[in-house]
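For reference, the structure is listed below as structure tokens.
Residue numbers (the numbering used here): 7 to 206.
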């Protein structure tokens, strides 16, 4: 049994620990408040107590656009890789169904798993410049199953990010690249030429 669920002191410690993790990842105040239920005043006191520089804070509205993960084949590949991490850390269910209310996702437990997912991803891909709030936007977008969703590549069965507003097919970037390379390889159209010659 998880005693932190029933012990308000331990749960409050978890809120502050999560807030510090989110601050370390430069999440905005409104995001930290939504995930920890700590007030802006409490967060300001925590920053002051832990001597967190104001210069490290991101200000302004949190990123909501999903174009960060849909504007190019490489971006869609990164989005699919992040989604795989999200499933492994139970930020996304194994089978995503649409219609999940955004507010219902913003819990302490969800915030902890989100941080774990982000930290694991950066450990594997340290050169990635994706922000934790962009990851949050991706998770919420997939959960709501509106503009984007997850699917499987019909050629390799790998996870793919499907942009419902785009014209490109659901196959992954690697398979698309292999198909294009095969089409452009000299001699790849020999069978069709032989058939044409046979008709003549």
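Heads up, the beta-carbon is just placed ideally off N, CA and C, and yes, glycines get one too. Fair warning: this is a prediction, and the values are worked out from it, not measured in the lab.
With a cut-off of 8 Å on Cβ pairs, the region 73–83 is not in contact with the region 56–65, counting fewer than three such pairs. Excluding its 5 nearest sequence neighbours in each direction, residue 70 has C-beta neighbours in its own chain below 7 Å: 143, listed in chain order. For residue 166, the uninterrupted beta strand (DSSP E) segment begins and ends at 165–169. When 165, 84, 34, 139 are compared, the shortest CA-CA separation from residue 130 is found for 84. In this structure, residue 30 sits away from residue 42, with a CB-CB distance that is not shorter than 8 Å.
Pairing residue 148 with residue 172, the inter-Cα distance amounts to about 15 Å.
Taking all protein chains in view, the Cβ of residue 65 is surrounded by fewer than 16 other Cβ atoms within 10 Å, so the residue is classified as exposed. Annotation: the continuous beta strand (DSSP E) that includes residue 157 extends over 154–158. If you check the CB distance, residue 169 and residue 154 come in under 8 Å.
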